[in-house]
Amino acid sequence: MGNIKNIFYKLNYLRFYFSFLFVIFFISANPATGQISANQITSIKWENNSLVINTTQKITYAESRLKEPERLVIDILNCSFQNKGLEKRFKSELEEDITVSEPTTGQIRIIFLGSASMNRKSYLTNNERTLITKIARINTDEEKKIFENEQQSSLEKYVPGFLKEINIEEEDHETEVVISTTKSIKYNTYTLKNPDRLAIDLLNIIPPKDPLPKYMATQLVSGVRVGRAASNIDATRVVIDLSRENLDCDVDSTLLGNKLKIKFKINKEKEEIVKKSGIKIVIDPGHGGYDTGASYGGFEEKAVNLIIAEKLKKILEDSGITVFLTRDDDSFLSLAERVEITHSIRPNVFISIHGNALKTSRGIRGVETYYWNSQSQKLAYYIHKSILSHLTIPDHFIRRARFYVIHHTSSPAVLAELGFLSNHDDRKLLTNSTTQDQYAKALSEAILKFLDLDTESKPEVKSKKQEEQKLKEKKNE
Ligand SMILES: [Zn+2]
């Protein structure tokens, strides 16, 4: 198989230099419009017997050698002059008539016209934004002969091939597109967004005379379009419309001769990142300002709540989730204001963080987790269990209660009483930085699990355990 390329992140476009005739490079895309944005020429210089053209983007060009009169024509695709003043016509000291013009909008044509005893070679520099055409006099007859032979063979190669057919097959959530032509394929791929699509320029291949049949959409590919890559160049552009983002694209032409095989599959990792970036969570550190909450042993609940909320925020943000705090300093916020903030954000999860207290029985300790509506029950369960598994603290039960912030919030909402500030042991857990970290970790894991985002190998471990269990059972039989 060819090399795997993630088409949206690290597509390595391939370059093919073949004979003298065609070299077409990556065309960059304008993601805002989805159009191929035009490249622009910023400068044209003649130095050391070379024409040096600089552009703003990577250059895609095709060259052809024409006879009577002997000349080299280079077309730069999707390209214009940055200003009209750049248009150039001059005679070089080698008696070459050189013209750089824009005969059709968005297409630059360079013509080198001179004697037959000239060798003209074009190449791109490493950044592909500079095109250099070097001109040298062919000195001896022998050199001239070699050059003419070279030219002859390249003229033979110039006969373009046809695009024969395109087949699309779907198997196991993968879609394979196979492009068949009458000649071996040199190609270039590039991706475009809004909508997502992969474009493939087949060089020295012309589109079929009759339109290709319409294709049935697959899970990943919504359509295929075929056309000429540019008006006066023999290259076919195949555009594959993708029905979703984050597809891996594997382009394989190595073993197939006149076929190009493109395999699309979902990149689960990238999909997870995108999924996470769309998730919003509101953390509500209880109390604040003159409302200190519970206050024992020199610690105020409002401060403990904020510290743990901020630690939780950091963990969730590090995993790519967008997090909002109802307050990020010691300011007073009414319950209605907290609900209003949450309502404007419409988060996937709302969690209010509190510390408990019972003045009359200081011996009472443990975690209490509250929810109101049924959609929050599972979240409450995950949060509760996660805290119990991360910290050595008694289970003070999951409870259903009509607390204002969870009752008035339409998102899955939980109020967690992480421990009793009035109890000596719980207070230690709530006020120590290490155990505060454990609380934050426990809460983040529970939230990710609730959102079906726990990508860590937990399910695998589970299934392994289950397998081991099965094996044990079999042995026992
Ligand atoms: Zn409280």
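No gaps in the numbering here: position 44 of the sequence shown is 44 in our numbering, and each next residue is one more.
Heads up, the beta-carbon is just placed ideally off N, CA and C, and yes, glycines get one too.
Distances from the CB of Asn305 to the heavy atoms of ligand 1 include at least one below 8 Å. Taking all protein chains in view, the Cβ of Glu417 is crowded by 16 or more other Cβ atoms within 10 Å, so the residue is classified as buried. Scanning its chain for C-beta atoms nearer than 8 Å, with the 5 sequence neighbours on each side dropped, one finds around Ser277 the residues Gly320, Ile321, Thr322, in chain order. Note on geometry: alpha-carbon atoms of Ser180 and Thr55 lie some 34 Å from one another. Put simply, the residues with a CB less than 5 Å from any heavy atom of ligand 1 are Gly286, Gly293, His354, in chain order. Of Ile273, Ala380, Ile44, the smallest CA-CA separation from Ile98 is found for Ile44.
Sequence-distant partners of Ile108 (beyond 5 residues in either direction) whose C-beta falls short of 6 Å from its own C-beta, in its chain, are Ile76, Cys79, Glu102. As the crow flies, the alpha-carbon of Val177 is around 18 Å from that of Leu192. Taking all protein chains shown into account, Ser361 has fewer than 16 neighbouring C-beta atoms within 10 Å of its C-beta and is therefore exposed.
Of the residues Gly288, Lys183, Ser222, the one whose Cα lies closest to the Cα of Ser253 is Lys183. In this structure, Glu445 lies away from His408, with their beta-carbon atoms at least 9 Å apart. In its chain, beyond the 5 residues on either side, no residue has a beta carbon closer than 8 Å to the beta carbon of Asn83.
Taking the CA atoms as reference points, Lys313 sits about 43 Å from Asn39. Gln107 has Thr104 as its beta-bridge partners, per DSSP. In the same chain as Tyr381, and ignoring 5 residues on each side of it, the C-beta atoms closer than 7 Å to its own belong to Ile398, in chain order. For Ile262, the closest of Thr189, Ile41, Pro412, Glu68 by C-alpha to C-alpha distance is Thr189. Secondary structure of Gln438 (DSSP, three-state): helix. For a cut-off of 8 Å, the C-beta gap from Ala199 to Val239 is around 5 Å, short enough to register as a contact. Its Cα nearest to that of Gly227, the residue Pro211 stands out among Ile383, Met216, Pro211. For the set Arg365, Ile353, Asp234, the Cα lying nearest the Cα of Tyr371 is the one of Ile353. In the three-state reduction of the DSSP assignment, Ile387 falls in the helix class, which pools H, G and I.
Secondary structure at Val405: helix, using DSSP grouped into helix, strand and coil. When DSSP states are grouped into helix, strand and coil, His343 belongs to the helix group.
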